[in-house]
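Residue numbers (our numbering), protein chains in the order written: chain S, 8 to 420; chain E, 383 to 752; chain X, 62 to 240; chain W, 1228 to 1573. Don't be surprised by glycine CBs; every beta carbon is placed ideally from N, CA and C.
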Amino acid sequence: MVETFQQTFGAPLWLAVVLASGLKVTLILVGGSLGMMFLTWYERRAIAYMQDRRGPNRVGPQGLLQPIAEAIKTMTKEDTTPLEADRIVHFLAPVVMLAATVLTFAIIPWGNLFPSDLSVGVLFFVAVGGLHTLGMLMAGWGSNNKFALLGGMRGVAQMVSYEIPQVMAVIPIVLMTGTMSMQRIVEAQSGFGGLAWNVFTPVGLFAFVLFFIASLAEGERTPFDIPEADSEIVAGYMTEYTGMKFAVFYLANYMTNLAICFITTSIFLGGGNGPGVNELGGFLGGFLSLIYFFIKALFLFFIMVLIRATVPRLRVDQLMGFAWKFLLPLVLVNILSSALWVSITRWDQQAQIFTTWFGAPGTADAPNFIRLGVAVAVTVAINLGALVMVMGLNNRASQEHMRATDEELALGL
Amino acid sequence: MLKTEELRINIGPQHPSTHGVFRMLVTVDGETLVDLKPVFGYLHRNHEQLGEVNSYLQNMPFTDRLDYFNSMINNHAYARSVEMLAGIEVPERAQYIRVIMDELSRILNHATALGFMLGDMGAWQTALLWGLREREKILDLFEYVSGARMMCNYARFGGVARDIDDYFITETRKLMDGLPHYFDDFEGLLTNSEILLARARNIGVLPKDLALSYSVTGPVLRASGVPYDIRRAEPYAVYDRFDFDIPVGTVGDVYDRFLVRIAEMRQAYRILEQAFQQLPEASGGHINPKVKQQSLKPPIGEAYARVESPKGELGFYLVSDGTGNAYRYKVRAPSFINLTALADMCKGYKLADAMVILGSIDIVMGEVDR
Amino acid sequence: MALLLKGELRSKLQAELPAALDVRWANQATAPETAEHAGALPVLIEDDAVVHAAQIVPVAHFLRDTLGYDYLSNITVVDYLAFSIMELVYQFYNTTAGGADVRVRVRIGRTPEACIVPSLSPTWPGANLQEREAYDMYGVVFPGHPNLARVYMWDEFKGFPMRKDFPKTGDKYTHVTGE
Amino acid sequence: MTLANRQGTGVVVPVERNDQRFRAGQGTAAGLSIVFRKFRKALFGKPNSDRSDTEGQFNVQYPEERLALPEAYRNMPILLFDDATGHELCTSCFQCERVCPPQVIHITQAKDPATGKPVPSAAEFIIEYDTCMSCGYCAEVCPFDAIKMDHDYELSTSNHPELDVNYNRLLRPVSYYETIAPTLWNDVRESAMKKLQNNIKRRPGAIGVDHGQKVGAKAAPAAVARPAEPAGGGASAVAPAAKRASVAAIGKSMSEERLAKLQSIRAANQSKRGGAGAPIDTAHAVEADVAVQPSTAQVAAPDAATPGSVAPGATGPVAAVGTNMSEEKRAKLEAIRAAKRAQEGE
């Protein structure tokens, strides 16, 4: 991007870099918010059909202009700030949330074109995701409202306890592809005519499911939407926000979901790869990869909407229990099994016995099927064993008493 | 030990999940609920004072506004108590029509009540909208026969305002063909969902003896294990001619109430089937023609007639002084008395559970505040 | 526990708890025959047991423990202005045997001192709100009630709206506190 | 097979919670599959039109598609006038005013300008549409089928005084009511028209026609009539015009002993009047007889309530009920009020 500016306009380096990054940023902001608008429309139509009704179909063709109508409505609404609220914190909360969300778009590879190729892409994504929680806490504390305070506290508790499984779930993929840069991870999945996606390996599939569940919590989707649980604490941390600031919160929320769908697609479902992308090559191939990329992302979002239409919300303590007692053990076991997968399929000098038993490690185009078979068997056995053991543990655990007895209440436990 | 402070929160009267203008003053320690004080009166319309100023017939449309989900059942209960007071005899066909309307109203009430409870749990209104779809079909039938969807004003002293004709019967038959699919969909959707089990099992437990001493009635009492259903304990209208079972819970928690209400919808379906089979033989027209409706002057005396409404025992206590107006008109509202048990059920659970427990009792503020 | 017939409770109380029966109303005249006394006030119906106010708690326990009427369905207050009497009607049902109710009546005066009935809330918490409603609408005081406060009206409301002598027309309340 | 005394059996069934079942996500998966099936059916399904459908789309796109209203639908009361003669059916017998629970109907009886005698027609008829709760009692008790319940539900307006609907906006031609509720009107047409002819004979001059009705206007006036368009694919089927729904003729059958009572009343009136005024028609006499001894509470109540509820901006000045009654009736009213005050005072 920078070189093209230099040659075509003969601009000096600094001007080219400014122009290139300026173009990228505007592309991301415009793409992100348009994506957010499309997602809100897409979600409301999908949920409507699930509930035997039609959803927005009045504003514009098939209701496509509905999000724009909503945007105008929220912009024109009066923007109030509670009386004794901490004004600066109250004002900055949506800004921090939106900033964190937009930053995550920096490393998302749209099909083959990618804004910036950080060598530590995945780590950057999760690190910036953490900032998102800060915005929630600021909103909760800054609006001087009991419901908002509760919502903020719940939000922090949920985000902190779900970031660990989310990060750990990606480690097996980083282990298998050897790098953390998104670009290389996407390229590594272009074998077998574009279908060598990580999700088709048992370790990858397991990691995909765990990552998706953990990122449901990050994006505050049902069954993990307790920070903004409207039936209990009115609107959670967003209670005291109206007009423009509420719209920014909404924008941040849906852009996080969009970012999560894009990241999951590029890491697990092979980003822009698909049958026919390498054969076409050049501009046409890039365009086709972009289409594949969007189809996969929307399919993932459809699953999010399906879950939202069916499943009730978890309570705060159940949510914590689920993260620490269910997701974390499975994720750790998955890392173990991914290490075994890499060792079985690739080692030859490091462990002579593997080569004696299974033969030399195969290359990309001539894989050694014995090694693959053994690796699959070992990893599936470990993962499923852990799953059944953890589920047994959880099933028994749910019988213990739910209710704080009067003595506990008196003690104020 | 870190000294923590209890937080007093006002939930209501304007809150997304209090089912109307109902306020709970909640003291919360962290997320655990320490104390809950219900506050009423926001929808008080001195209904009983109106009962004493209006004539008996003029009071009938006001009973629609008590439990505005089941105006048919309110009318039926009020008509029964005036008939008991004035000694009016109701023809058989009218009793069958009243039973048909009651059971249709029971199905629509349970469908929406469960939907709202699941909405409180966070299950984004899918179950509620399926329930509302069935409710719309039933309301169209009520509109066809009584003239209005929710404010039916359909019962008269000695029968019902209009007879049902074969168009109504064929349409209800069609509706009943669709109901089993709806029941199966509803049951399949959430009954075994792990998250619902986590949110509903062992929550808001009301043991059997406590339920009796709280004078709780209806599905909440039966979920606690007491098989007390007025249609079986003190049969009225023609309920003694139908075979239907009484679903009863074992633990008395939110999950049992959920299951009891679904089972009761299926039993209501069974009653409707039998009622339509026996309807042709029922004789006597839809109303007792000898009753002067608007200038009815029952003899001096008192009467208490009660009906099994989907929320519990709905009774009307009337004292007549021989004039055209009731001397004393009291409504025994099931939601009002079921609410006494709310504070005891919610103590010790989390704030989120309090919403679900309130939803599981299924209250309507029109009936609570009268 | 067998079901009680209409007048049977009085005879049972006569046997077990003679002190409880309020003999003042034993032979009160029944309803005037014809209805042309349109204005005549309803009679004090005789076949149910009328109990002294102070005895209501032991009678309720007697009903529940020996006769099996464990479900207190309804507490109604009726204000007989002409007889200057407030009548409380307690209705009990038998949840195992089913069938009709048994009514126990308490008749008290209308003046604030006489208008006192011991509360059933300690053993029947279900009566809590019904007694608060009786207090709010009729001014019947229930000693022993956990928190006897108005349930519908706001706490500063003066007067008892459902009493027969509470003015129906004109807005008594506003002009009293209007200034 | 009479089922009069068959004792219904019913067994107590504990609901099964199957707590012991090993829960590993099957329940949630089942729920998701049901919702996906619903999604597929609704997305590609046709808008359903049958009441037994539980899948597909159920919305009625309101302004474009409308559900056909059933005949018995009742929204707000309207008064009928005969198309041919233009005469209104109402004879101001005050039955509807007496039975109306919120007491929102205010009628003043028309006067024969020459003799000052009351005439069976209404001079002014006001219904407070904002308080009326469409319970349908007025339509049920009206002995002349003059007041019926309309099917128009688009009545929202920003001008509140306009909601005290006076006479000329209440009137609708009989043909309009025939279009919206054919079978209900067929049941009562003969008796209503016979009574109307009776009343027209006793209405001197233009009384009963002068409320802005369009005499002889066979077609229903455009402004008022909006027969419901057939519903395009609406959820409930089009209300069948041909279906017979019998109207409850509450207490209207004239048995022999009532006729005997009629003769005695007529004889009593004859002797009392000594034949001075025009003999009041039997139908009117029966109504007067019923009207005279309403229970005391009601006569006092409207008196007290009426001044308060008189519509401030009403066009015709509404005389409070009872101010323009004949002297002898007024004396009786005073007697009843005194009795009432005495009873309350004690």
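Inclusion of Arg581/E and Arg322/S in the CB contact set at 8 Å is warranted, their separation being smaller than that value. By the beta-carbon neighbour count (other beta carbons within 10 angstroms, threshold 16), Asp566/E is exposed. Using beta-carbon distances, Ser1348/W does not count as an interface residue toward chain E, since no partner is under 8 Å. Straight-line spacing of the CA atoms in Phe98/S and Lys252/S works out to 8 Å.
Contact note: Asp131/X reaches chain E through Leu594, using a C-beta cutoff of 7 Å and chain order.
The continuous stretches of beta strand (DSSP E) do not include Thr272/S, which lies in the alpha helix (DSSP H) extending over residues Gly250 to Phe275.
Rounded to whole angstroms, the separation of the alpha carbons of Thr363/S and Ala346/S is 20 Å. Close CB contacts of Ile470/E within its chain, under the 7 Å cut and outside five residues either way in sequence, are with Phe539, Gly540, Asn670 and Val673 (chain order).
In the same chain as Thr386/S, and ignoring 5 residues on each side of it, the C-beta atoms closer than 7 Å to its own belong to Pro209, Val210, Ser344, Leu347 and Trp348, in chain order. The beta carbon of Arg1250/W sits closer than 8 Å to some beta carbon of chain S. For Thr1335/W, the beta-bridge partners assigned by DSSP are Glu1351/W. Rounded to whole angstroms, the gap between the alpha carbons of Arg531/E and Asn441/E is 19 Å. Nearest CB-CB separation between Asp627/E and chain W: below the 8 Å threshold. Look at the segment 682-706 of chain E: the residues with a C-beta under 8 Å from a C-beta of chain X are Ile682, Gly683, Glu684, Tyr686, Arg688, Glu695, Gly697, Tyr699, Val701, Ser702, Asp703, Gly704 and Thr705. Annotation note: the segment 180-235 of chain X contains no uninterrupted beta strand (DSSP E) run of length 3 or greater. Taking 8 Å as the cut-off, the Cβ atoms of Gly706/E and Tyr450/E do not count as close.
Taken through DSSP and simplified to helix, strand or coil, Arg390/E comes out as strand.
As DSSP reads the structure, Glu695/E sits in a beta bridge with Glu690/E. Nearest to Leu130/S by alpha-carbon distance, out of Met189/S, Leu72/S and Val102/S, is Met189/S. Taking C-beta separations shorter than 7 Å and ignoring five residues to either side along the sequence, the partners of Cys1323/W in its chain run Ile1332, Cys1365, Val1368, Cys1369 and Ile1374, following chain order. Beta-bridge annotation (DSSP): Ala685/E is paired with Leu700/E. Proximity of Tyr610/E to chain W, defined by a Cβ-Cβ separation below 8 Å, is not satisfied.
The segment 465-479 of chain E makes no contact with the segment 625-632 of chain E, as fewer than three CB pairs between them are under 8 Å. Assigned with DSSP and collapsed to three states, Thr137/X falls in strand. Look at Ser168/S here: in three-state DSSP terms it is helix. Across the structure, Lys556/E and Ile653/E are spaced so that their CA atoms are roughly 16 Å apart.
For the segment 1256-1287 of chain W, the set of positions with a beta-carbon nearer than 7 Å to some beta-carbon of chain E reads Ala1257, Gly1258, Ile1261, Val1262, Asp1277, Arg1278, Ser1279, Asp1280, Thr1281 and Phe1285 in chain order. In the same chain as Gly600/E, and ignoring 5 residues on each side of it, the C-beta atoms closer than 6 Å to its own belong to Lys693, Gly694 and Pro716, in chain order. In the structure shown, the three-state DSSP call for Phe404/E is coil.
Annotation: the segment 1295-1339 of chain W contains the following complete segments of the beta strand (DSSP E) (minimum length 3 residues), in chain order: 1304-1308 and 1332-1338.
For Asp417/E, the secondary structure class from DSSP, reduced to helix, strand or coil, is strand. Here Met198/X is actually not in contact with Phe218/X; their C-beta atoms are around 11 Å apart, not less than 8 Å. With the rule of 3 Cβ pairs closer than 8 Å, the segment 513-522 of chain E does not count as touching the segment 573-593 of chain E.
Contact between Leu1296/W and Leu1307/W does not hold, since their C-beta atoms are separated by about 18 Å, which reaches or exceeds 8 Å.
Looking only at Leu588/E, Ile644/E and Val701/E, the smallest Cα-Cα distance to Leu500/E is reached by Ile644/E. It is roughly 24 Å from the alpha-carbon of Ile1353/W to the alpha-carbon of Met1420/W.
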